[in-house]
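Below is one structure; the comments refer to it alone.
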Amino acid sequence: MEQTESKRDWYKKMSFYQIWIRSFADGNGDGIGDLYGVYDKLPYIKSLGVDGIWFSPIYPSPNVVFGYDISDYKDIHPDYGDLDQFKKVLGKAHEMGLKVIMDLVINHTSDEHPWFLESKKSKDNPYSDYYIWRDKPNNWDSLFEGEAWEYVGERDQYYLHIFAKKQPDLNMDNPKVRQEVKDIMRFWLDMGVDGFREDVINFISKKEGLPNGLFFLPAAKGMSHYKDGPHIHEYLSEFRKVCDEYDCFQLGEGPMTTVKSAMNYLTGPTKSLDMMFSFDHMMADCLYTEYLHRPFSLVKLKKAFTKWQKALDGKGWNALYMENHDHPRIISRYGSEHFHRESGTMLAACYLFQQGTPFIYQGQEIGMTNIKLMSIDQYVDVSSITNYHTYHLKEDPERRLHRIHLSSRDSARTPVQWDDSENAGFSVARPWFYVNPNYKKINVAKQEKDPDSILNFYRKCLELRKGSETLIYGSYNEFFPKDPSIYMYERCLGDESYLIICSFSRLPVKPKKPEKYKGMHGELILSNYKETGKFFKPFETRVYRYKNK
Ligand code: GLC
Ligand code: CA
Numbered sequence: 153m154e155q156t157e158s159k160r161d162w163y164k165k166m167s168f169y170q171i172w173i174r175s176f177a178d179g180n181g182d183g184i185g186d187l188y189g190v191y192d193k194l195p196y197i198k199s200l201g202v203d204g205i206w207f208s209p210i211y212p213s214p215n216v217v218f219g220y221d222i223s224d225y226k227d228i229h230p231d232y233g234d235l236d237q238f239k240k241v242l243g244k245a246h247e248m249g250l251k252v253i254m255d256l257v258i259n260h261t262s263d264e265h266p267w268f269l270e271s272k273k274s275k276d277n278p279y280s281d282y283y284i285w286r287d288k289p290n291n292w293d294s295l296f297e298g299e300a301w302e303y304v305g306e307r308d309q310y311y312l313h314i315f316a317k318k319q320p321d322l323n324m325d326n327p328k329v330r331q332e333v334k335d336i337m338r339f340w341l342d343m344g345v346d347g348f349r350e351d352v353i354n355f356i357s358k359k360e361g362l363p364n365g366l367f368f369l370p371a372a373k374g375m376s377h378y379k380d381g382p383h384i385h386e387y388l389s390e391f392r393k394v395c396d397e398y399d400c401f402q403l404g405e406g407p408m409t410t411v412k413s414a415m416n417y418l419t420g421p422t423k424s425l426d427m428m429f430s431f432d433h434m435m436a437d438c439l440y441t442e443y444l445h446r447p448f449s450l451v452k453l454k455k456a457f458t459k460w461q462k463a464l465d466g467k468g469w470n471a472l473y474m475e476n477h478d479h480p481r482i483i484s485r486y487g488s489e490h491f492h493r494e495s496g497t498m499l500a501a502c503y504l505f506q507q508g509t510p511f512i513y514q515g516q517e518i519g520m521t522n523i524k525l526m527s528i529d530q531y532v533d534v535s536s537i538t539n540y541h542t543y544h545l546k547e548d549p550e551r552r553l554h555r556i557h558l559s560s561r562d563s564a565r566t567p568v569q570w571d572d573s574e575n576a577g578f579s580v581a582r583p584w585f586y587v588n589p590n591y592k593k594i595n596v597a598k599q600e601k602d603p604d605s606i607l608n609f610y611r612k613c614l615e616l617r618k619g620s621e622t623l624i625y626g627s628y629n630e631f632f633p634k635d636p637s638i639y640m641y642e643r644c645l646g647d648e649s650y651l652i653i654c655s656f657s658r659l660p661v662k663p664k665k666p667e668k669y670k671g672m673h674g675e676l677i678l679s680n681y682k683e684t685g686k687f688f689k690p691f692e693t694r695v696y697r698y699k700n701k
């Protein structure tokens, strides 16, 4: 179905660039990315053709989970600058026509947040009910660090943490907590930010009585009692009202949400989010850990894409992504480091032309790849470390480390490779984390000079998308869903259609032509090879335009 535009829907035409600041660009020479670096790189971001930035958390944080453990919601981490520098970035971004979206992490705080420091002191202080305390733990697992409960002597009680130990879950059933959330939203909206990416937002309402959970997935016992919980839509509608006072959008991260329950967030009377990051397509091989690892299946990936595209068509709107700070790099994952340029460009076309608002993660636009560290001790991501010490313990350490190479979030968190100078041009000082040794080959400066680079291909895709109502609003259809090496989809509006063909194969393949296009001649609009023939070369992609079908 074709989509129509309504007033608030400015985000539908846009695309966004995600900054995970610590590894983006170091502007003050201490080895840590910061807002000074971001300021300097705004022209670069703009040059990609994106329309906005999503900042992963830049607030004060002990950084046990790199910013997702917040100790002050209304300030900037001193490593990254201060509020004045943030306002400077925001002002400049707006001047350049870039929107700015903040990460709103309200399922939990850091255990160093003043609310928690108070809460844990006693059962009768003003913050005692800000968190979820029990005399006896239930059987829930945390997703990052063993059991979901941690004992505190002062209260002689346990607090719930669905993620790391240092991320206690807030008690959203407490109206005071919801009031705090609304204050935080207003604080940033009043400053001028344009919306929020809402962290694990489908987890914030827990089932009354916190009943024991059944085995669901490894490390997810209990999930059915907090995923899409009983009061979720009620609470989100309160937050929505705040956003309604401003011209902003809300994008929810929805781990493990099915498309069916996503509809309740994105459409109808309970609509409280404009878009959602779904996880279905991340399950085509591994997710966070390799405990679920299986060989990558294109058919599964396509099925997930098409499921969301079809379900939301004409009813809601998709957020499109392939990479972010939580997943390994896509070339290493779905493409080929050997066919680096080819697979990096093909992976761009495979999602940027779907219906939805695209997100590009820092470094994705130059095809950064997974890092292979020599020892688990060099990894810093809490979930990678836990996974290494929890799963597949019967295997030898080398094999387990290999699993981490394939699945770690740290691969997406190495410093951005700006040029071939020392530290990849990320910093004049020694960077806080390892630079991928391939930076001399893979870097922004080099790809700027090459018209056929991955970087310039991303630019072409975004330009093409932006200039075409069909690619923005047109309907989506997939062809040959069972084909194990070709992903083929069309976007149609009025008498125009685009056919996007992506080969995931290292070998030459000859895609079939869909019945409806037989005998028609399409204009080749974009491709990642200079010469195109009947056969598709390794990881070849082509975009055709058809008129008057
Ligand atoms: C989300 C974030 C992830 C974080 C987790 C816990 O999944 O994207 O980075 O670790 O929530 O806050
Ligand atoms: Ca710095």
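Under this note's numbering, think of the first position of the sequence shown as 153, with each following residue one higher. We put the beta carbon where it would ideally sit given N, CA and C, even for glycine. No experiment lies behind these values; they were computed from the predicted model shown.
Should residue 174 be counted as a contact of ligand 1 given a C-beta to heavy atom distance under 8 Å? Not so, every heavy atom of ligand 1 lies at least 8 Å from the Cβ.
Touch check for the region 183 to 193 and the region 483 to 502: three-plus C-beta pairs under 8 Å? Three or more Cβ pairs closer than 8 Å define a contact, and the region 183 to 193 falls short of that threshold against the region 483 to 502.
For ligand 2, enumerate in chain order all residues having a CB closer than 5 Å to any of its heavy atoms. Taking each Cβ in turn, the ones that pass are 178, 180, 182, 184 and 186.
Cutting at 7 Å between CB atoms, please list the residues of its own chain near residue 611, excluding the five before and the five after it. 200 and 201.
Neighbourhood of residue 336 by C-beta, 6 Å cutoff - its chain only, sequence neighbours within 5 removed: Cβ-Cβ distances below 6 Å link residue 336 to 225 in the same chain, with the five nearest sequence neighbours on each side left out; the list follows chain order.
Straight-line gap, residue 355 to residue 349 (C-alpha atoms, nearest Å): Distance from the CA atom of residue 355 to the CA atom of residue 349, rounded to whole angstroms, is 14 Å.
What's the gap between the Cα of residue 559 and the Cα of residue 553? For residue 559 and residue 553, the distance between alpha carbons rounds to 10 Å.
So, is residue 136 buried or exposed, given that buried needs 16 or more other C-beta atoms within 10 angstroms? A query on residue 136 cannot be resolved here, the shown segment of the chain reaching from 153 to 701 and no further.
If we ignore side chains and look at the alpha-carbon of each, how far apart do residue 375 and residue 292 end up? Straight-line Cα distance between these residues: approximately 8 Å.
Less than 9 Å between the beta carbons of residue 652 and residue 641, yes or no? Yes; because the gap between Cβ atoms is below 9 Å, this pair is in contact.
Could you say if the region 624 to 636 and the region 451 to 458 meet the contact criterion of at least three C-beta pairs nearer than 8 Å? These segments touch.
Is residue 214 near ligand 1, in the sense that its beta carbon is under 8 Å from a heavy atom of that ligand? For ligand 1, not one heavy atom lies less than 8 Å from the Cβ of residue 214.
Quick one: which unbroken alpha helix (DSSP H) runs of 4-plus residues sit fully inside the region 405 to 445? Chain order, please. Taking only runs of at least 4 residues, the alpha helix (DSSP H) segments lying wholly in the region 405 to 445 are 411 to 418.
Nearest-angstrom Cα distance between residue 567 and residue 576? When rounded, the distance between both Cα atoms is 8 Å.
Can you tell which of 388, 435 and 398 has the C-alpha that lies nearest to the C-alpha of residue 416? Sorting 388, 435 and 398 by C-alpha distance to the C-alpha of residue 416 places 388 at the top.
Buried or exposed for residue 705, going by 16 or more other Cβ atoms inside 10 Å? Nothing can be reported for residue 705, as the shown portion of the chain is limited to 153 through 701.
Closest by CA to residue 509, which one among 401, 334 and 593? Selected option, being the one with the closest Cα: 401.
Counting only the same chain and skipping the five closest in sequence on each side, list residues whose C-beta sits under 7 Å from that of residue 232. So the qualifying residues of the chain are 173, 186, 187 and 210.
Look at the alpha carbon of residue 222 and the alpha carbon of residue 645, and state the distance between them as a whole number of angstroms. Separation of residue 222 and residue 645 (C-alpha to C-alpha, rounded to the nearest whole angstrom) is 44 Å.
Give every residue of the same chain whose Cβ lies closer than 7 Å to the Cβ of residue 432, excluding the five residues on either side of it in the sequence, and list them in chain order. So the list reads 456, 459 and 460, once near-sequence residues are dropped.
With residue 195 as the anchor, note down where its alpha helix (DSSP H) starts and where it stops. 187 to 199 is the span of the alpha helix (DSSP H), which, as asked, contains residue 195.
Tell me whether the beta-carbon of residue 324 lies closer than 9 Å to the beta-carbon of residue 358. Their beta carbons are under 9 Å apart, which means residue 324 touches residue 358 by this criterion.
Please determine if the region 652 to 664 and the region 677 to 694 are in contact, where contact requires at least 3 C-beta pairs separated by less than 8 Å. Because the criterion of three Cβ pairs below 8 Å is met, the region 652 to 664 and the region 677 to 694 touch.
Taking a contact to mean a Cβ-Cβ separation below 9 Å, would you say residue 512 touches residue 168 in this structure? Contact annotation: residue 512 and residue 168 have beta-carbon atoms nearer than 9 Å.
Take the Cβ of residue 367 as the centre, count every other Cβ of all protein chains shown within 10 Å, and call the residue buried at 16 or more, exposed below. Burial call: exposed.
Can you tell which of 602, 331, 469 and 498 has the C-alpha that lies nearest to the C-alpha of residue 657? Here the closest residue by C-alpha is 498.
Which value, in whole angstroms, describes the spacing of the CA atoms of residue 522 and residue 171? Their backbone Cα atoms lie some 18 Å apart in a straight line.
Counting pairs of beta carbons, one from the region 297 to 315 and one from the region 266 to 284, are three or more of them closer than 8 Å? The answer is yes - the region 266 to 284 touches the region 297 to 315, with three or more Cβ pairs under 8 Å.
Proximity winner among 683, 283 and 675, relative to residue 698 (alpha-carbon distances): Residue nearest to residue 698 within the set 683, 283 and 675 is 675 (criterion: CA-CA distance).
Does DSSP classify residue 693 as helix, strand or coil? If DSSP states are grouped into helix, strand and coil, residue 693 belongs with the strands.
Please state whether DSSP places residue 541 in a helix, a strand or coil. Residue state, collapsed to three classes: helix.
Using the Cα positions of residue 157 and residue 279, report the straight-line distance between them to the nearest angstrom. Unreliable positioning characterises residue 157 in this predicted model, as indicated by a pLDDT of 49, which lies under 50. The coordinate reading is nonetheless provided below. Rounded to the nearest angstrom, the gap between the Cα atoms of residue 157 and residue 279 is 44 Å.
What is the DSSP secondary structure of residue 509, counted as helix, strand or coil? The answer is strand: DSSP assigns residue 509 an E or B state.
Look up residue 260 in the DSSP assignment and give the residues it is bridged to. Beta-bridge pairing links residue 260 to 321.
Helix, strand or coil for residue 642? Go by DSSP, reduced to three states. Strand at residue 642.
Which same chain residues end up closer than 8 Å to residue 212 when comparing Cβ atoms and leaving out the 5 residues on each side of it in sequence? 222, 223, 224, 227, 228, 229 and 230.
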